[in-house]
Amino acid sequence: MNRMALRNVVNTQTVALVGVLLLNWVLFPGFFRIEWQDGRLFGSLIDVLNRGAPVAILAIGMTPVIATKGVDLSVGAVMAMAGAVAASLVVAGYPAWIAVSGALALGLACGIWNGILVALLDIQPIIATLVLMVAGRGIAQLVTEGSIVTFSDPTLVFIGTGSFLGFPMPVVIAFALMVLVTLAVRKTAIGLFIEAVGVNRSAATLAGIRSRLLLIVVYSISGLCAATAGIIVAGDIRGADANNAGLWLELDAILAAVIGGASLLGGRFSIPMSVVGALIIQAMNTGILVSGFPPEFNLVVKAGMITLILMIQSPLAGHILGWFGRGKRGAAR
Amino acid sequence: MRASGAAMSIGKLGRSAVGESAFRMEARGVSKVFGAHRALDHVDFGLLPGEVHALLGENGAGKSTLIKILTGAYQPDGGEILVDGAPVVLNSPLHAQTFGIGTVYQEVNLLPNRSVAENLFLGHQPTRFGLVDRRRMERESRGLLARYGLDIDPGSELGLHSVAVQQIVAIARAVQLSGKVLILDEPTASLDRDEVRRLFEVIANLKREGLAIVFITHFLDQVFALADRVTILRNGKLVDTCRLDALTRTELVRKMLGKDISFSGSTSLKTERPTTEVLLNFENFGRRRSVRPFNLTVHKGEVIGVAGLLGSGRTEMARIMFGIDPADEGRATMKGAAIGLRSATEAIALGFGFCPEDRKADGILGELSVRENIVIALQGKLGWFRALNRDEQLDLAGQFGEAMDIRAASLDMPVKLLSGGNQQKVILARWLATDPAFLILDEPTRGIDVGAHAEIVRTINRLRDDGMALLVISSEIDEVVAYSSRVVVMRDREMVAELRGEDINPGVIVQAIATHGETAHHEAAT
Chain A
1 MNRMALRNVV NTQTVALVGV LLLNWVLFPG FFRIEWQDGR LFGSLIDVLN RGAPVAILAI
61 GMTPVIATKG VDLSVGAVMA MAGAVAASLV VAGYPAWIAV SGALALGLAC GIWNGILVAL
121 LDIQPIIATL VLMVAGRGIA QLVTEGSIVT FSDPTLVFIG TGSFLGFPMP VVIAFALMVL
181 VTLAVRKTAI GLFIEAVGVN RSAATLAGIR SRLLLIVVYS ISGLCAATAG IIVAGDIRGA
241 DANNAGLWLE LDAILAAVIG GASLLGGRFS IPMSVVGALI IQAMNTGILV SGFPPEFNLV
301 VKAGMITLIL MIQSPLAGHI LGWFGRGKRG AAR
Chain B
334 MRASGAAMSI GKLGRSAVGE SAFRMEARGV SKVFGAHRAL DHVDFGLLPG EVHALLGENG
394 AGKSTLIKIL TGAYQPDGGE ILVDGAPVVL NSPLHAQTFG IGTVYQEVNL LPNRSVAENL
454 FLGHQPTRFG LVDRRRMERE SRGLLARYGL DIDPGSELGL HSVAVQQIVA IARAVQLSGK
514 VLILDEPTAS LDRDEVRRLF EVIANLKREG LAIVFITHFL DQVFALADRV TILRNGKLVD
574 TCRLDALTRT ELVRKMLGKD ISFSGSTSLK TERPTTEVLL NFENFGRRRS VRPFNLTVHK
634 GEVIGVAGLL GSGRTEMARI MFGIDPADEG RATMKGAAIG LRSATEAIAL GFGFCPEDRK
694 ADGILGELSV RENIVIALQG KLGWFRALNR DEQLDLAGQF GEAMDIRAAS LDMPVKLLSG
754 GNQQKVILAR WLATDPAFLI LDEPTRGIDV GAHAEIVRTI NRLRDDGMAL LVISSEIDEV
814 VAYSSRVVVM RDREMVAELR GEDINPGVIV QAIATHGETA HHEAAT
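Just so you know, the protein sequences line up as chains A and B, in that order.
With my numbering, letter number 144 in the first sequence gets 144, and the count goes up by one each step, no holes.
Plus 333 on top of the position in the second sequence (first one is 1) and you've got my numbering.
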């Protein structure tokens with residue numbers, strides 16, 4: 001009942017995003033100003049989209065994983081590895097498309113590895129992906145030999161900082177991925193199967209779903225998304241920083257998915273709503289910066305806002321909202 | 334021996350003559366309700382000192398609920414608990430311990446990485462100057478263990494010993510801490526024959542010392558070997574409490590399974606159909622440590638009933654047929670062609686369907702809608718990329734929901750909000766949507782209301798008449814008789830009888846389930 005009521009109440013995520021944006025506007029009147037310069041858009045709003053893109057991309061991959069009652073802690077480390085591989089390949093003289101393919105192949109391999117640990121060896125996802133979270137950053141450091149590998153390959157730089165139809169490339173890529181993955185799960189039966197496995201893996205398997213293969217695919221998508229985010233972040237700073245690239249971003253991605261309405265107990269999910277969740281997180285980060293608050297406030301304010309959003313989504317609140325919703329609908333009939 | 338003799342005479346005198354004080358522990362009219370489900374309904378249970386009292390019943394009979402009430406893990410919704418004639422309220426298992434009630438579970442819940450002595454004394458270690466007196470603890474442990482016939486080093490790690498030894502250590506600890514009542518919840522489930530014997534010696538000794546022992550198992554041999562009295566529960570109600578020496582095996586099984594099963598009359602009305610078309614053939618089909626190899630031929634348009642007690646291998650048989658636990662022996666053919674059956678997906682592709690026994694754990698997708706629950710198996714069969722769109726899903730769900738008479742406010746409501754009977758109908762609808770040739774139903778009518786019950790039995794008959802082959806596992810003998818054209822009987826993980834025609838009547842079935850050893854009907858396994 002809660003879930004149905006919640007879905008009817010406009011949409012917690014969109015309301016929260018609008019709320020945070022309006023708050024930013026109050027604190028910083030120029031927040032909604034967007035300018036056209038040198039063939040691309042500029043402004044705080046665009047900045048939110050641009051800065052939020054890596055976490056949004058991670059959340060696109062993380063959401064199906066969480067819907068299967070799993071979690072992928074390795075995405076931050078996979079970002080670092082993918083950046084390191086892409087940077088090292090272009091520095092070694094390979095063309096950009098090889099660097100990008102190499103980084104994506106690595107992300108795919110990481111995803112398959114996680115999927116095998118979870119699906120075939122039945123290791124708890126949090127532990128299975130913790131392995132790569134720890135080891136991955138080490139591998140990235142080995143690839144970069146401990147230093148920041150800088151490059152100036154125009155294609156990689158374009159992926160991180162270029163623009164398309166006026167929008168920054170990371171935004172374009174994140175949007176394209178969102179549409180692609182959403183269609184891939186919703187226009188096929190994959191989305192239903194993901195939810196079925198997340199709700200009750202045993203029952204789903206008995207109903208004929210190849211749950212092991214499905215889990216491997218889901219973790220692979222997460223790995224690919226993480227690698228994409230890693231390439232973007234590397235392109236943005238024109239270098240691969242094995243120590244800091246993607247650091248703690250797995251937590252933001254999980255948070256984005258949870259704000260987006262996914263439950264860590266598996267089941268229902270919405271990729272667009274998770275992207276909105278990522279934007280809420282970034283809007284708060286940007287808002288605190290532009291409003292002139294000391295950056296020390298950042299984490300505390302963010303934590304407070306997130307607590308508020310999660311409280312609104314909690315079963316208890318859902319119950320209360322459900323009462324109102326039922327009352328209204330009853331009157332309409 | 335003397336104590337046990339005394340107990341016997343008390344037992345013969347009966348409750349009213351001796352009065353309440355004879356019972357070491359008593360439950361009077363206890364009830365427990367979970368939501369709309371009445372797990373225990375005014376059950377009386379009396380436990381005498383110096384007796385081993387077996388508690389029997391099929392899944393869902395209320396055994397574990399009663400045990401949890403006796404050990405304080407649950408609070409009864411009605412009735413009262415008395416210890417030595419005085420009413421008590423048991424707040425928790427720890428609290429129950431202070432009244433002398435100890436429990437040992439099937440899975441030993443001690444600390445395998447600590448020493449035997451530490452496990453025996455955990456929480457009440459002997460101390461000296463505020464420190465654990467390890468030497469005294471080990472000395473006392475040695476004495477304690479000797480009383481249980483264990484000659485092991487108390488300083489050794491518990492986990493290094495066999496499950497039987499750990500089980501005995503757990504008993505020693507429970508008796509040490511409580512000392513009046515010992516509840517053994519399926520203690521023999523993971524033991525081999527010699528270990529069981531050893532455990533039984535320990536239990537017999539404790540009985541002689543005057544302890545009141547509750548023994549839960551589903552092995553009837555063990556009940557007859559060990560217990561003095563037995564209490565039988567069915568569907569949350571007390572069936573009977575009686576002495577075992579006054580009871581035959583057949584009578585006991587009859588009490589466990591059904592109302593008043595008469596040996597005459599009520600023979601199956603539909604004599605075996607002259608269906609000649611063989612659908613499936615299982616030859617020497619089996620799986621190690623699951624079900625001994627069996628032979629079974631399944632014809633189109635017949636219902637094969639599977640009878641047997643809990644733990645007899647009936648569910649295991651269904652699971653290997655459906656490929657969940659693939660067979661490691663024998664072969665299966667469908668219309669003459671060899672088939673693999675290595676996974677559920679494979680079985681479904683061949684036109685199999687399976688309604689599992691545990692609806693909640695293996696059947697329903699609780700959070701998902703009725704619609705999604707109905708289409709999931711068909712969608713699984715179609716694969717990942719041929720998705721049924723929402724309208725198609727609604728059509729299917731509406732069509733099969735109506736066929737099964739599912740009472741749901743909306744096809745989009747979460748299936749977990751439906752009643753048990755409607756959930757079962759949803760799972761049946763799920764398989765009917767795949768248009769199966771062979772449907773396996775494991776306890777399809779358990780725990781559902783009368784109306785849904787009748788609907789499901791009607792459906793079974795209708796599907797048979799439409800030419801589908803069904804294998805139906807059920808503890809309800811009357812029901813098996815009513816719809817089966819053949820009945821196979823499972824016992825001790827083996828198919829022990831295949832009954833047809835005149836033999837399909839409750840008396841013969843109960844006889845086949847209960848018969849011990851070599852005297853069983855051996856017309857099976859051709």
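The beta carbon of each residue, even a glycine, is placed where N, CA and C say it ideally should be.
* To do: Could you check what DSSP says for Asn614/B in three-state terms: helix, strand or coil?
  => Locating residue 614/B in the second sequence gives position 281, counting from the first residue. Strand at Asn614/B.
* Asked: Are the beta-carbon atoms belonging to Leu491/B and Val502/B less than 9 Å from one another?
  -> Indexing the second sequence from 1 puts residue 491/B at position 158. Indexing the second sequence from 1 puts residue 502/B at position 169. Yes, the pair counts as a contact, with Cβ atoms nearer than the cut-off.
* In chain A, what lies closer than 7 Å to Lys714/B by C-beta? -> Residue mapping note: residue 714/B aligns to position 381 of the second sequence, counting from 1. The contacting residues are Gly208.
* Interface flag, Phe552/B vs chain A, CB-CB below 9 Å -> The sequence position of residue 552/B within the second sequence is 219, counting from 1. For Phe552/B, the answer is no, since every Cβ of chain A falls outside 9 Å of its Cβ.
* Asked: For a contact meaning CB atoms closer than 7 Å, what does Ile681/B contact in chain A?
  -> Counted from its first residue, the second sequence places residue 681/B at position 348. Under the 7 Å cutoff, chain A gives Gly208.
* To do: May I ask you to verify whether the region 401 to 414 of chain B touches the region 357 to 365 of chain B, counting CB pairs closer than 8 Å and requiring at least 3?
  => yes
* **Neighbour list for Gly699/B in chain A, Cβ cutoff strictly below 7 Å** => Here the question's residue 699/B lines up with position 366 in the second sequence. Going along chain A in sequence order, the residues near Gly699/B (Cβ under 7 Å) are Val199, Asn200.
* Count the other CB atoms within 10 Å of the CB of Pro170/A; is the residue buried (16 or more) or exposed (fewer)? -> By 1-based counting over the first sequence, the position of residue 170/A is 170. Buried, by the Cβ-count rule.
* Using a Cβ cut-off of 8 Å, pull out every chain A residue sitting near Arg763/B, in sequence order please. => In the second sequence, the residue the question calls residue 763/B occupies position 430. Ordered by position in chain A, the residues that pass the 8 Å Cβ test against Arg763/B are Ala207.
* What is the DSSP secondary structure of Ala660/B, counted as helix, strand or coil? -> As a working mapping, residue 660/B is identified with position 327 in the second sequence. In the structure shown, Ala660/B sits in coil (DSSP, three-state: anything other than H, G, I, E or B).
* Asked: So, Met654/B versus Ala680/B, is the Cβ gap smaller than 9 Å?
  -> Working through the second sequence from its first residue, we reach residue 654/B at position 321. Working through the second sequence from its first residue, we reach residue 680/B at position 347. Cβ distance < 9 Å, so Met654/B and Ala680/B count as in contact.
* Have a look at the DSSP bridge pairing and note the partners of Trp36/A. => Taking the first sequence and counting its residues from 1, the one referred to as residue 36/A is at position 36. Partner(s): Leu41/A.
* To do: Would you list, in chain order, the members of the region 168 to 196 of chain A that have their beta-carbon closer than 9 Å to a beta-carbon of chain E?
  => Among the protein chains in the structure shown, which are A and B, there is no chain E.
* **Host beta strand (DSSP E) of Thr574/B (start-end)** => Stepping through the second sequence from its first residue, residue 574/B is reached at position 241. That run of the beta strand (DSSP E) goes 570 to 576.
* To do: Name, in chain order, the residues that DSSP records as bridge partners for Asp484/B.
  => Within the second sequence, numbered from 1, the residue matching residue 484/B stands at position 151. Asp484/B pairs with nothing; no bridge assigned.
* **Residues that DSSP places opposite Asp831/B in a beta bridge** => Looking up residue 831/B in the second sequence gives position 498. Note on residue identity: the sequence assigns Glu, not Asp, to residue 831/B. Val821/B, per the DSSP bridge assignment.
* Could you name the residues of the same chain whose beta carbon sits closer than 7 Å to that of Phe733/B, not counting the 5 residues immediately before and after it, in chain order? => By one-based count along the second sequence, residue 733/B stands at place 400. Excluding residues within five positions, the ones whose Cβ falls inside 7 Å are Ile707, Ala762, Leu765, Ala766.
* Is the CB-CB distance between Ile350/A and Gly713/B below 9 Å? -> As displayed, chain A neither begins before 1 nor continues past 333, which places residue 350/A out of reach and without an answer.
* Count the other CB atoms within 10 Å of the CB of Gly246/A; is the residue buried (16 or more) or exposed (fewer)? -> Within the first sequence, the letter at position 246 stands for residue 246/A. Per the 10 Å Cβ criterion, buried.
* Asked: Any idea what DSSP makes of Arg371/B, helix, strand or coil?
  -> Residue mapping note: residue 371/B aligns to position 38 of the second sequence, counting from 1. It is a strand residue.
* Under 9 Å between the Cβ atoms of Gly70/A and Leu177/A? -> The residue given as residue 70/A occupies position 70 in the first sequence. The residue given as residue 177/A occupies position 177 in the first sequence. Result no, Cβ atoms of Gly70/A and Leu177/A do not sit closer than 9 Å.
* Asked: Got a sec: is the Cβ-Cβ distance from Ala730/B to anything in chain A below 9 Å?
  -> Position 397 of the second sequence holds residue 730/B. No, Ala730/B lies away from the interface with chain A (no Cβ there is under 9 Å from its Cβ).
* Asked: By Cβ distance below 7 Å, which residues in the same chain neighbour Ile657/B in space, the five residues on each side in sequence not counted?
  -> As a first step, residue 657/B must be located in the second sequence, where it is residue number 324. Here the set comprises Ala677.
* **Sub-9 Å separation of Gln555/B and Thr521/B beta-carbons** => As a working mapping, residue 555/B is identified with position 222 in the second sequence. As a working mapping, residue 521/B is identified with position 188 in the second sequence. Yes, they are a contact pair.
* **Residues bridged to Arg620/B (per DSSP)** => Taking the first residue of the second sequence as 1, we reach residue 620/B at position 287. DSSP output for Arg620/B lists Val624/B as bridge partner(s).
* To do: Helix, strand or coil for Ile781/B, going by three-state DSSP, please let me know.
  => Taking the first residue of the second sequence as 1, we reach residue 781/B at position 448. Ile781/B falls in the coil class under three-state DSSP.
* **Closest Cα partner of Ala229/A within the set Thr12/A, Gly43/A, Ala80/A, Val65/A** => Numbered from its first residue, the first sequence carries residue 229/A at position 229. With distances taken between Cα atoms, Ala229/A lies closest to Ala80/A.
* **Sequence-distant residues of the same chain with beta carbon closer than 7 Å to Val820/B, five excluded per side** => Along the second sequence, one-based indexing puts residue 820/B at 487. Setting aside the 5 residues that flank it on each side, Val820/B is surrounded in the same chain by Gly638, Ala640, Val813, Leu832, Ile837, Ile842, each with a C-beta closer than 7 Å to its C-beta; the list follows chain order.
* **Below-9 Å beta-carbon distance, Ala203/A vs any chain B residue** => Within the first sequence, residue 203/A is the residue found at index 203, counting from 1. Chain B, which has a Cβ nearer than 9 Å to the Cβ of Ala203/A, makes this yes.
* Using Cβ-Cβ distances below 9 Å, what residues of the region 442 to 467 of chain B are close to chain A? -> Cβ contacts with chain A: none found.
* **Any alpha helix (DSSP H) of 4 or more consecutive residues that is wholly inside the region 731 to 770 of chain B** => Within the region 731 to 770 of chain B, the alpha helix (DSSP H) runs of at least 4 residues that lie entirely inside it are, in chain order, 753 to 765.
* **Helix, strand or coil at Ser274/A according to DSSP, with G and I counted as helix** => Indexing the first sequence from 1 puts residue 274/A at position 274. Helix, per DSSP.
* Scan the region 85 to 111 of chain A and note each continuous beta strand (DSSP E) run of 3 residues or more that stays entirely inside, going in chain order. => none
* Using DSSP with H/G/I as helix, E/B as strand and the rest coil, what is Ala77/A? -> The residue you call residue 77/A lines up with position 77 of the first sequence. In this structure, Ala77/A counts as helix in the three-state DSSP scheme.
* To do: Taking all protein chains shown into account, decide if Ser147/A is buried (16 or more other Cβ within 10 angstroms of its Cβ) or exposed.
  => In the first sequence, the residue the question calls residue 147/A occupies position 147. Classification of Ser147/A: exposed, given that the 10 Å Cβ count is below 16.
* To do: Report the partner residues of Met667/B according to the DSSP bridge assignment.
  => Taking the second sequence and counting its residues from 1, one reaches residue 667/B at position 334. According to DSSP, which records beta bridges pairwise, Met667/B is partnered with Leu613/B, Ala670/B.
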